[in-house]
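Everything on this sheet refers to the single structure shown next.
Protein chains: 4
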Amino acid sequence: MVVVMMPGVETEAVDAVVTRVEAVGGQAFVSRGVSRVIIGLIGDVETFSALDLAGMPGVAQVTRVSTEYKLVSREHHPERSVVHVRGVPIGPDTVTLIAGPCAVETPEQTLAAAQMAQAAGATMLRGGAFKPRTSPYAFQGLGEQGLRILADVRQETGLPIVTEVVSAHEVAMVAEYADMLQIGTRNMQNFALLQAIGETRVPVMLKRGMNSTIQEWLMAAEYIAQRGNLEIVLCERGIRTFETATRNTLDVSAVPVVQQLSHLPVIIDPSHSGGRRELVLPLSRAAIVAGADGIIVDVHPQPEQALCDGAQALVAKDLGVLARAVTDLTAYMGRSPARRRYRSAG
Amino acid sequence: MVVVMMPGVETEAVDAVVTRVEAVGGQAFVSRGVSRVIIGLIGDVETFSALDLAGMPGVAQVTRVSTEYKLVSREHHPERSVVHVRGVPIGPDTVTLIAGPCAVETPEQTLAAAQMAQAAGATMLRGGAFKPRTSPYAFQGLGEQGLRILADVRQETGLPIVTEVVSAHEVAMVAEYADMLQIGTRNMQNFALLQAIGETRVPVMLKRGMNSTIQEWLMAAEYIAQRGNLEIVLCERGIRTFETATRNTLDVSAVPVVQQLSHLPVIIDPSHSGGRRELVLPLSRAAIVAGADGIIVDVHPQPEQALCDGAQALVAKDLGVLARAVTDLTAYMGRSPARRRYRSAG
Amino acid sequence: MVVVMMPGVETEAVDAVVTRVEAVGGQAFVSRGVSRVIIGLIGDVETFSALDLAGMPGVAQVTRVSTEYKLVSREHHPERSVVHVRGVPIGPDTVTLIAGPCAVETPEQTLAAAQMAQAAGATMLRGGAFKPRTSPYAFQGLGEQGLRILADVRQETGLPIVTEVVSAHEVAMVAEYADMLQIGTRNMQNFALLQAIGETRVPVMLKRGMNSTIQEWLMAAEYIAQRGNLEIVLCERGIRTFETATRNTLDVSAVPVVQQLSHLPVIIDPSHSGGRRELVLPLSRAAIVAGADGIIVDVHPQPEQALCDGAQALVAKDLGVLARAVTDLTAYMGRSPARRRYRSAG
Amino acid sequence: MVVVMMPGVETEAVDAVVTRVEAVGGQAFVSRGVSRVIIGLIGDVETFSALDLAGMPGVAQVTRVSTEYKLVSREHHPERSVVHVRGVPIGPDTVTLIAGPCAVETPEQTLAAAQMAQAAGATMLRGGAFKPRTSPYAFQGLGEQGLRILADVRQETGLPIVTEVVSAHEVAMVAEYADMLQIGTRNMQNFALLQAIGETRVPVMLKRGMNSTIQEWLMAAEYIAQRGNLEIVLCERGIRTFETATRNTLDVSAVPVVQQLSHLPVIIDPSHSGGRRELVLPLSRAAIVAGADGIIVDVHPQPEQALCDGAQALVAKDLGVLARAVTDLTAYMGRSPARRRYRSAG
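Chains as they are written, first to last, in this note's numbering: chain A, 4 to 349; chain B, 4 to 349; chain C, 4 to 349; chain D, 4 to 349.
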C-alpha cells in the first residue's frame with residue numbers, strides 16, 4: 004500500500020502513520036518530495052486496511068498496490084493452466100465447444116439437443132437442472148430428476164456434463180452426476196457455495212457476476228482455490244450496463260485482460276450475453292479471435308417451446324454454421340479443437 | 004403482455020401468434036391500426052415468455068405489462084405494512100434507528116457499541132457474525148461465537164438483534180440467536196437462502212443487491228413471501244455506478260418508488276452507501292425526509308481498530324448529532340421514533 | 004504521481020524511470036521496500052502523463068495523486084463561494100428556489116408559470132428557449148423568440164432568468180436576455196461552449212453530465228474558471244445507471260462530496276432526476292437536508308399540454324406543498340430562503 | 004404507442020385517453036381483455052409524448068413502439084450503405100483500416116505515423132488537431148496549424164484525412180482541410196455541431212457517446228441526416244461501465260445490432276476502447292469477425308513521447324502483426340481490404 008500525505012503536512016502526522024503501521028507488524032518507508040510526503044507500506048494488506056489510515060490527520064490518499072488474489076494469479080504461476088473435464092481439455096492450446104439446452108426439460112429434448120451439439124463438434128454438454136430465476140413464478144428446473152436425465156444422455160453420447168449447483172448443501176449431490184459444476188452469475192459471491200466447491204476436487208466453471216469487476220471475479224476464484232480446488236474455468240457471460248438493446252453487454256476485452264492476470268482458462272457464453280439468437284454467431288467468432296479458450300452456447304431442438312431463454316437458443320441449422328466458424332477460427336488462432344484425450348467409463 | 008407487429012404484416016403472421024398463445028391456454032386480443040397491428044395477451048406471463056413470440060415472423064416487439072410480484076405488491080394490499088421485531092415496529096408511522104458495529108469482534112467492543120447506539124436512541128442492534136467479504140483473506144467474522152456475544156449484549160441492553168445469515172443451511176442456527184435475519188447485498192439472488200428464510204417466520208431485512216433493479220429486489224422479496232414469510236423489511240444500501248467518489252451511489256429515490264409499488268417497509272443504510280463517515284449524517288437526513296421507515300448505521304467505539312469498514316463507522320460524538328437529526332426530522336415527517344411496545348424476556 | 008515497480012525489479016529499470024522524469028524537468032524520489040520499489044514524482048502531472056511510464060520495463064502501476072482542478076478546488080479557497088444572480092444569492096447561507104417551465108411555449112404559459120413560481124417563494128425563473136432533444140423530431144424550443152418572452156416575464160415579475168445556451172456562437176446573444184446561462188447535461192463536455200462562457204462574466208449553471216463523474220464535472224467547471232469566469236453554480240440532475248424505475252438516479256451524495264472538494268455552490272434538479280411529478284417533493288426535501296444550496300424545479304400551468312417533460316412538472320397545488328417544505332427545511336438547516344438583496348432595473 | 008390501462012379501470016378513463024389522443028389528430032384503437040384494456044395509438048409519436056398520457060387517471064403504462072429515427076433506419080432502406088471518402092469505400096463489402104496519431108504534434112511525427120500506417124495497409128489517416136480533453140490543463144491540439152500539417156502529409160502520401168471538429172462554427176474551416184469530419188464521443192449530443200455538419204456534404208464519422216445507448220446514437224445520426232447529409236459512418240469506441248480494468252468497455256455486440264437497425268456503415272476503435280496497447284490486436288480481430296466495416300487505430304513513431312494517449316498507440320512492429328490479422332480476417336469474412344477506387348487531386 005501507498006499512503007500519500009497532504010501538502011505541507013507536519014512531521015507528527017507522518018510519524019503517526021509510521022507508528023500505527025509498525026504497531027501491527029508492518030514496515031513503512033517514507034519518501035519526502037518538495038511538496039508531498041509518500042509512505043510505502045510493506046506487510047499484510049488486510050491488516051493495513053483495518054487501520055483506517057485514510058482517516059488519520061494529514062493523509063490525502065491510500066492506494067492499494069499488490070493484488071489480493073495469489074493462487075489464481077499469473078504472478079507466481081506464469082504458465083497458463085489446462086483444466087480437464089473427463090478427458091476434455093480447456094486451456095491455451097485448444098478451443099472447447101460446449102453446447103446444450105439452457106434447461107433440461109425432458110429426456111427426449113435433452114438427448115436431441117446433445118446429439119445436435121455432438122454433430123456440430125461440441126465435446127461437452129451443458130444443461131441446467133437447477134435454474135436460479137429472477138421470478139419465483141418462472142420454471143425453476145427439474146432438480147435431481149434433471150440430473151438423472153443428463154447422466155443418461157452422457158451414457159448415450161459420451162459427452163461430459165457441466166451443470167449448475169445453486170446451494171452449498173447440494174454440492175455433493177450434484178457432483179455425483181456432474182463432470183463439471185457450474186456457478187451461475189447470481190451466485191458468484193455466494194461464498195458458502197464457493198467454499199463448498201473448493202472442498203471438492205470437481206472441475207468448476209465460474210461465471211462472472213453480471214455486475215462484478217474482473218478483480219472481484221478473480222477473488223471469487225481465489226475462494227475456491229484457497230480450499231484446494233484449482234480446477235477452475237472462468238466464463239464471461241456479459242455484464243450489466245445502461246445499454247438495453249442486448250440482454251447484457253459482452254465484455255470481450257475481459258478475455259485478454261484475464262489471461263494477463265490469471266493462469267486460469269477463460270471461455271465465453273455468447274448466448275446469455277446477447278440474449279438473441281442472431282448475435283450468437285458474430286459474438287462466438289469474436290470470442291475465439293479475442294483468445295477465448297472455449298465457448299458455451301445454448302441449443303434447443305424446438306426453441307419456440309423452450310421453457311427458458313428460447314429466444315437465444317440455436318437450432319440445428321445455425322449450429323452447423325457456428326461449427327464451421329469455430330473450426331476455421333480455431334485453426335487461424337493456431338489451436339486445435341478440444342477432443343477427449345482418453346476414454347472413460349461414462 | 005403486448006405483441007406489436009411490424010408494419011404491413013400479413014394476416015397469417017397475426018394468426019400464427021394468436022394460435023400459439025391460445026395453444027398454451029392464453030387469450031389474444033387483436034387491435035388493427037392504420038399501419039400497425041397490436042395483440043394484447045391475457046394469461047400466464049411466464050408461459051408466454053417461454054413461447055419466443057419475439058422470434059416469430061412479423062413480430063416487431065413484445066412488451067411485458069403486468070408486474071411479476073404479487074404478494075409484496077401494493078396492488079392487492081394498498082395499506083403499508085408494519086414489521087415488528089421483538090416489539091419494535093418498522094413501518095409507516097415510525098422511524099426506526101438501528102445501529103451497531105459492522106462486525107462483532109469482542110464482547111467489550113460489541114457491548115460498547117450497543118451502549119453508544121442505545122444512548123443515541125437506537126432501538127435495535129446490528130452486528131455481523133458472518134461476514135461475506137470480497138477477499139478470502141479478509142476477516143470473515145466470528146461465526147456462532149459472534150452470535151453468542153450478540154445474545155449476551157441483548158440480555159444486557161434489551162436491544163433486539165439483526166444479523167446476517169449467508170447460507171441456507173445455517174438459517175435455523177442463526178435464527179436461534181437473531182430477532183431479525185439479514186440478507187446481504189451479495190446474497191439478494193441466493194434463491195436457496197431466500198427460500199429457506201421464507202420457510203421460517205422470523206423477520207428478515209433484505210438488502211438490495213448493489214447491482215439489482217428495484218423490480219429484481221421486489222422479486223427477491225416475493226421468493227421469501229411465497230414460502231409464507233411476509234415479515235420483510237427492504238433496505239437500500241447504495242448501487243454500483245460509474246461514480247467512484249463514493250463507495251456506492253445511494254439511490255434515495257428508491258424509497259418513494261418502492262413505497263408506491265410495495266406495501267413492505269423500506270429503510271436506508273447510509274454507512275455502506277457512502278462508505279465514508281462524514282457522509283452518514285447528510286445521507287441519514289435525506290433518507291428520513293425521503294420517507295424511509297428507518298435507517299441502519301455503523302458505529303464503533305474505536306473505528307481506527309475496526310476489523311471491517313472502520314472508515315464509515317460513527318463514533319460517540321457523531322452519533323449524538325445524528326440522534327438529534329433523527330428526532331427532529333422524524334417529528335417533521337409526522338412520525339414517531341420507533342420504541343418497543345412491550346417488554347419481552349430478552 | 005506515484006510509480007510502483009514490479010517485485011524484484013532491476014536497478015536499471017528504476018533508474019530509467021528516474022531519468023525519464025528528470026528529462027522533462029520533474030523530480031523523482033525513490034523509496035525501496037522489502038519487496039517493492041515506489042517512486043514519488045513531483046512536477047507537472049500532464050507532462051508526466053505523456054511519458055507512458057506505465058509502459059516502461061518493470062513498472063507495475065502509475066497512480067495520480069494531485070487533483071487536476073485548481074481554481075474551483077477548495078484546497079486553496081477554503082471558504083465556500085456565493086454567486087449572485089441579479090441580486091439573488093446562491094451559496095452556503097441560503098437555499099434558493101428556482102422554478103419555471105421546462106420549455107417556453109407561449110407568453111401566457113410562461114407568465115402563468117412564473118406567477119406560480121413566485122407565489123411559492125421562488126426568486127428565480129427557469130425556462131428553456133433552446134432545447135437540446137435526443138430526437139430531431141421533438142420540439143426544439145422557440146429560440147430567440149422564447150428569450151424575448153422570458154425577458155417580458157422578468158419585466159412583469161422581477162424574477163431573474165436562467166436559460167440554456169447550446170452553442171458557443173450563441174453565447175453573446177443569449178447573454179443579452181439571460182441573467183444566468185445554463186449548460187445542459189449533454190453539453191457538459193462541449194469545451195468550446197465552456198470556454199465561450201468562460202470569456203463572459205455572466206453567472207452560469209453547469210449541469211452535471213448524466214454520465215460524468217464528479218471529477219469530470221469539476222474539470223468542466225475548471226474550463227470556465229480558467230477563462231476568468233468564477234460565477235459558477237453546479238447542478239446535480241441525476242446520473243445514468245442500470246435502474247429504469249426512474250428517469251435517472253439522483254446522486255444526492257454528490258452534494259456533500261462536491262462541497263468538500265470545491266468552493267462552488269451546488270444545487271439539485273429533482274424534476275429531471277426522477278422524471279415523475281410525485282418524486283419531486285421527496286427528492287427536494289432530501290436535497291435540502293443533504294445541504295444543497297438550492298433546488299430548481301419544473302412547473303407548468305397545464306402539464307398535460309406541455310410540449311416537453313409534462314410528466315414531471317408540478318402544478319400549483321403541488322407547488323404550495325413544496326414551498327412549505329422548502330421553508331421549513333431551510334430553517335432546520337439554519338439557512339435563510341434566498342431573497343434579492345437589491346432592486347435592479349429588470 | 005401503446006397505452007396499457009390499470010386492471011378494472013372505468014370506461015370514462017378509457018374514453019378520456021381516446022378523446023385526448025383524437026384531439027391532437029391521432030387515432031386510438033381500444034382492445035378490451037379479461038383484466039386489462041390496451042389502447043394502440045396511431046399518429047405522431049412526439050405529439051403523443053407531450054400529452055402526459057402516463058399521468059391520466061387509470062393509465063398503468065405507456066410504451067413507445069415505432070422507432071424514432073427514419074432516415075438512418077434500415078426499415079425503409081434495407082440495403083446497407085457505402086460511404087466514400089476521397090475514393091476510399093467504407094461499407095459492407097470491405098474492411099477499411101484507418102490509422103494515425105491520436106494528436107498531430109509535429110510535421111515529422113505526423114508523416115512518420117502516416118508512413119507507418121500506409122506500410123501496414125491503411126488507406127486513411129486519422130489525426131487530431133482539435134483535442135477535447137477532460138482537463139483544461141492537458142494538451143488541446145495544434146488547431147489549424149495541425150490541419151495544415153495533415154494536408155501536407157496527405158499531399159505526400161495520398162491518404163485521405165479524418166479529423167475531429169469540436170464546434171459548429173469551425174465546421175467550414177475544418178472541412179477545407181479534412182476529407183472526413185469526426186464527431187468525438189463527448190460531442191455526440193452537441194446538436195448544434197450535428198446540424199452544422201448536416202448542412203455540409205462532407206463525410207462524417209460519428210463516434211458513439213461513451214454513455215449513449217445505440218438508440219441515442221442513431222438519433223444523433225438522424226440529426227445529421229435530417230439536414231441532408233447521409234455520408235455518415237458510425238464508430239463504436241467503448242462505453243462507460245463499472246469495470247475499471249480497461250479504459251472503457253468495448254461493446255462489440257453493437258456492430259451486429261446496429262447493422263440490423265441501420266443501413267449506415269459501422270467501424271470500431273479498439274485503441275480508445277481498451278486504452279492499452281496490448282488489447283488493440285485482440286480487439287481488432289474481434290471487431291472484424293463481428294462484422295465491422297473497418298477499424299481505426301492509434302499509431303505513433305515514439306509512443307513514450309506522445310502528448311496524448313501514448314499508452315494505447317501501436318508502434319511499427321505491432322502494426323505489422325495487426326496488418327496481417329486484418330488481411331487474413333477480412334478474407335475470412337468474404338470481404339476485400341478497402342482501396343481507393345480513383346485518383347483524386349489530393
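We put the CB at the ideal spot given by N, CA and C, even for glycine. Model, not experiment: these values are computed from the prediction.
- So, E202 of chain A versus G212 of chain A, is the Cβ gap smaller than 9 Å? No, they are not a contact pair.
Quick one: what's got a C-beta closer than 8 Å to N232 of chain D's C-beta in the same chain, skipping five residues either side?
Contacts found: I200, G201, E202, T203, R204, V205, V207.
Could you pull out every residue in the same chain whose Cβ sits closer than 7 Å to the Cβ of A63 of chain C, ignoring the five residues on either side in sequence? So the list reads V7, M8, M9, once near-sequence residues are dropped.
**Prompt:** Below 9 Å between beta carbons: does that hold for L267 of chain A and V236 of chain A?
**Reply:** Yes, the Cβ-Cβ distance between L267 of chain A and V236 of chain A is below 9 Å.
- Query: What are the complete beta strand (DSSP E) segments, minimum 3 residues, inside the region 231-305 of chain B?
  - Reply: For the region 231-305 of chain B, the full-length beta strand (DSSP E) segments reaching 3 residues or more read 235-239, 269-271, 297-301 along the chain.
DSSP beta-bridge partners of L150 of chain D: Answer is none; L150 of chain D lacks a bridge partner.
For this session: Compile a chain-ordered list of the residues in the region 230-248 of chain A whose CB is closer than 8 Å to at least one CB of chain B.
Result: Flagged, chain order: R243.
### Query
Would you report the Cα separation of S276 of chain B and V329 of chain B, rounded to the nearest angstrom?
C-alpha separation (whole angstroms): 18 Å.
Q.
Since V300 of chain D and L317 of chain D should fall inside the 8 Å C-beta cutoff, what is the C-beta to C-beta distance between them, to a whole number of angstroms?
A. Approximately 6 Å separates the beta-carbon atoms of V300 of chain D and L317 of chain D; this is inside 8 Å, confirming the contact.
So for Q158 of chain C, helix, strand or coil by DSSP?
Collapsing the DSSP output to three states places Q158 of chain C in a helix.
Taking CB distances under 9 Å as the criterion, tell me whether T66 of chain A reaches chain C. Chain C contact via Cβ: present.
Worksheet entry | Residue span of the beta strand (DSSP E) that contains T66 of chain B, given as start and end | Element bounds for T66 of chain B: 62-66.
Under 8 Å by Cβ, that's how I've got L128 of chain D and I164 of chain D pegged, so tell me the actual separation to the nearest angstrom.
So it is a contact: roughly 5 Å between Cβ atoms.
Please confirm whether A288 of chain B and A289 of chain C have their CB atoms less than 9 Å apart.
The sequence as given places Arg at residue 288 of chain B; Ala does not occur at that position. Contact flag set, yes.
Against chain D, with Cβ distances strictly below 9 Å, would I270 of chain A count as a contact?
The beta-carbon of I270 of chain A is placed no less than 9 Å from the nearest beta-carbon of chain D.
| query | In chain order, what residues of the region 165-180 of chain D put their CB closer than 9 Å to some CB of chain C? | reply | Hits within the stretch, in order: V169, S170, A171, H172, E173.
Are the region 72-92 of chain A and the region 240-249 of chain A touching by the rule of at least three beta carbon pairs closer than 8 Å? No, the region 72-92 of chain A does not touch the region 240-249 of chain A.
Contact set for V27 of chain C: own chain, Cβ-Cβ below 6 Å, skip 5 residues either direction = The residues T50, in chain order, have a CB closer than 6 Å to that of V27 of chain C in the same chain once the five nearest residues on each side in sequence are set aside.
Task: Short Cβ contact (9 Å threshold) for A341 of chain A with L100 of chain A - done: Between A341 of chain A and L100 of chain A, the C-beta gap is smaller than 9 Å, which places the two residues in contact.
Count the C-beta pairs between the region 100-111 of chain A and the region 246-257 of chain A that are closer than 8 Å, then say yes if the count reaches three, no if not.
Result no; under three Cβ-Cβ pairs closer than 8 Å.
Please report whether the beta-carbon of E78 of chain B lies at a distance below 9 Å from any beta-carbon of chain D.
Interface residue, yes.
Checklist entry - Quick one, are the C-beta atoms of I271 of chain B and L286 of chain B less than 9 Å apart? => result Cβ distance < 9 Å, so I271 of chain B and L286 of chain B count as in contact.
- Item | Partner residues on chain A for L317 of chain B, Cβ-Cβ distance less than 9 Å | Within chain A, no residue has its CB atom less than 9 Å from the CB of L317 of chain B, the nearest being about 12 Å off.
Closest residue to D321 of chain B among B:P304, B:A309, B:Y335 (Cα-Cα distance) | It is B:P304 whose Cα lies nearest to the Cα of D321 of chain B.
Measuring only between beta-carbons, confirm whether G58 of chain A sits less than 9 Å from chain C.
Not one chain C Cβ lies under 9 Å of G58 of chain A.
### Query
Using a beta-carbon distance cut-off of less than 9 Å, what residues from the region 135-157 of chain C approach chain D?
So the close ones are P135, R136, T137, S138, P139, Y140, A141, F142, Q143.
Exercise for review: Apply the 10 Å Cβ neighbour rule to S265 of chain B and answer buried if 16 or more other Cβ atoms are within range, or exposed otherwise.
Suggested key: Answer is buried; the Cβ neighbour count reaches 16.
What does the Cβ neighbour count give for A122 of chain D, buried or exposed, with the cut at 16 atoms within 10 Å? By the 10 Å Cβ count, A122 of chain D comes out exposed.
- [ ] Report, in whole angstroms, the separation of the C-beta atoms of G149 of chain A and A125 of chain A, which I expect to be a contact under 8 Å.
- [x] So it is not a contact: roughly 19 Å between Cβ atoms.
Check: Do the CB positions of C311 of chain B and K73 of chain B come within less than 9 Å of each other?
Finding: It is not a contact, given that the beta carbons lie outside the stated cut-off.
Taking the straight line between their C-alpha atoms, what separation do you get for Y140 of chain D and E71 of chain C? Their Cα atoms are separated by approximately 8 Å.
Could you check if D18 of chain D is buried or exposed, using at least 16 other CB atoms within 10 Å of its CB as the buried criterion? By the 10 Å Cβ count, D18 of chain D comes out exposed.
Inset, instruction - Please decide whether A224 of chain D counts as near chain A, where near means a Cβ-Cβ distance under 9 Å. - result: In terms of beta-carbon proximity, A224 of chain D stays away from the interface with chain A, with every pair separated by 9 Å or more.
- Message: Excluding the 5 residues flanking R280 of chain B on each side, which residues of the same chain have their C-beta closer than 6 Å to its C-beta?
- Response: Excluding sequence positions up to five before and after R280 of chain B, its CB lies within less than 6 Å of the CB of Q315, all in the same chain and listed in chain order.
inquiry  = So, with DSSP's three-state summary, where would you put S52 of chain B?
reply    = The answer is helix: DSSP assigns S52 of chain B an H, G or I state.
Q) For G323 of chain D, does the three-state DSSP call read helix, strand or coil? A) For G323 of chain D, the three-state secondary structure derived from DSSP is helix.
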